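Colleague: Numbering (the working numbering), first residue to last: 321 to 696.
Below are the structure tokens for one structure; questions will follow.
Printed below as a string of structure tokens:
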């Protein structure tokens, strides 16, 4: 009887596993292999993973390889994707837990916009008609998995509701290049963090763009609206790939944002490591996100201010539609009646996260956070 693995695996066996799952073997170029090696080293030497943590980390890496294979195959199947224009895409970024999810979902409710649905980040392909999704066995399997998660961990879903059909962050597209701070948010992997901080993300964003061209092939006339706090770390690469992008930066008191993201990541990775929790997690997240905000501020100062729109979290929570109206004014575009109706209906659903958090749970004080963000 074959025993369950208790390690993440090797480069070779992860590739073999992804190929067995898909029947595909073209992973494209080798640009991702160094990052994958850095991740595997960090998982094996630093992360103190439990068997469950090893299994999940292995699944993350294999999923990224599977998505990479599917992208490569679909680009060949649909060569016309290369001609898809992506005019003035909107990117939301900022510290995690600063309202990006709620604002993203409001903006993508506009029928003239498109967001990146979670299942298509895992299975990149031209977006099928929405009416066909329920009958798609891959979509159905992914949706069933998220529904099971909803039942098993309603507290996490209160913090951040997810579903295969929901628009989500685009970091999974960056994971195809093994270039994403998402790995750092779920494990103690300092050597990977050091490696990633020194990388140029330009190749990863070029791949990101090709995936959007593919996924939006059947929706060419709709404008992309994307969100990901990790864009903080790669503004230059983002604007190299999307020269006419509009970047919306959300702002919230760092003391609150850091406490909230620590709580979210602790819940998400509960039981995966004997080390990544409490003060270890807190210090890592404080360093990561304060560094990201500093990097973004430095890069933003080098670019045309016309690229950027600022949104205050408290203003947005107080009056979401007024915030949206201000964004549309800055974009020089009308907020149409269908868009307003769709956004109002989304707000009426009333899915409001319930989430308690405290810096002290992660060995941090308000003074620690103030000091980390003092030079931002």
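Note that CB positions come from ideal geometry on N, CA and C, so glycine has one too.
Bear in mind that the values here come from a model prediction, so they are computed numbers and not experimental data.
#1: Among the residues of its own chain, which have a CB less than 7 angstroms from the CB of residue 558, if the five just before and after it don't count?
#2: Return helix, strand or coil for residue 580, following the three-state DSSP convention.
#3: Closer than 6 angstroms by C-beta to residue 462: which residues in its own chain qualify, once you throw out the five before and the five after it? Chain order, please.
#4: Please confirm whether residue 611 and residue 517 have their CB atoms less than 9 angstroms apart.
#5: Could you tell me which of 667, 533 and 520 sits nearest to residue 615, measuring between CA atoms?
#6: Are the CB atoms of residue 656 and residue 418 nearer to each other than 9 angstroms?
#7: Excluding sequence positions up to five away, which residues of its chain have a Cβ less than 6 angstroms from the Cβ of residue 690?
#8: Give me, in chain order, the residues of the same chain whose beta-carbon lies closer than 8 angstroms to that of residue 406; leave out the 5 immediate sequence neighbours on both sides.
#9: Hey, how far is the Cα of residue 584 from the Cα of residue 416?
#10: Taking the alpha carbon of residue 331 as the point to measure from, which residue in 353, 448, 349 and 575 has its own alpha carbon closest?
#11: Would residue 667 and residue 381 be called neighbours here (beta carbons separated by less than 9 angstroms)?
#12: Assess, as a yes-or-no matter, whether the region 586-594 is touched by the region 504-518 under the definition of 3 or more beta carbon pairs within less than 8 angstroms.
#13: Name the DSSP bridge partner or partners of residue 543?
#14: At which residues does the alpha helix (DSSP H) containing residue 598 begin and terminate?
#15: Look at residue 682 and residue 599 and say whether their C-beta atoms are less than 9 angstroms apart.
#16: So residue 628 and residue 696 are supposed to be a Cβ contact under 8 angstroms. How far apart are they, rounded?
#17: Per DSSP, which one or two residues make a beta bridge with residue 414?
#18: By the 10 Å Cβ neighbour count, where 16 or more other Cβ atoms means buried, how is residue 477 classified, buried or exposed?
#19: Using 10 angstroms around the beta-carbon of residue 743, count the other beta-carbons present and answer buried if the total reaches 16, otherwise exposed.
#20: Going by the CB atoms, is the gap between residue 593 and residue 379 shorter than 9 angstroms?
#21: Do you know whose CA, among 493, 603, 595 and 432, lies nearest residue 662's CA?
Modeller: Answer, in terms of the structure:
#1: 411, 525, 551 and 565, listed in sequence order.
#2: helix
#3: 439 and 484
#4: Taking 9 angstroms as the Cβ cut-off, residue 611 and residue 517 qualify as a contacting pair.
#5: For residue 615, the closest C-alpha among the options 667, 533 and 520 is that of 520.
#6: Their beta carbons are not under 9 angstroms apart, which means residue 656 does not touch residue 418 by this criterion.
#7: Leaving aside the five residues that flank residue 690 on each side, none in its chain has a CB nearer than 6 angstroms to its CB.
#8: 529, 532, 533, 536, 544 and 562
#9: 10 angstroms
#10: 353
#11: no
#12: Yes, they touch.
#13: 433
#14: Its alpha helix (DSSP H) spans residues 598-620.
#15: yes
#16: Contact doesn't hold; Cβ gap of about 15 angstroms is too wide.
#17: 570
#18: Model confidence at residue 477 stands at a pLDDT of 48, short of 50, so the residue's coordinates are unreliable; what they give is reported in the following sentence. With 16 or more other Cβ atoms inside 10 Å of its own Cβ, residue 477 counts as buried.
#19: Here the chain comprises residues numbered 321 to 696, so residue 743 is not present and cannot be evaluated.
#20: no
#21: Ranking the options by Cα distance to residue 662, first place goes to 432.
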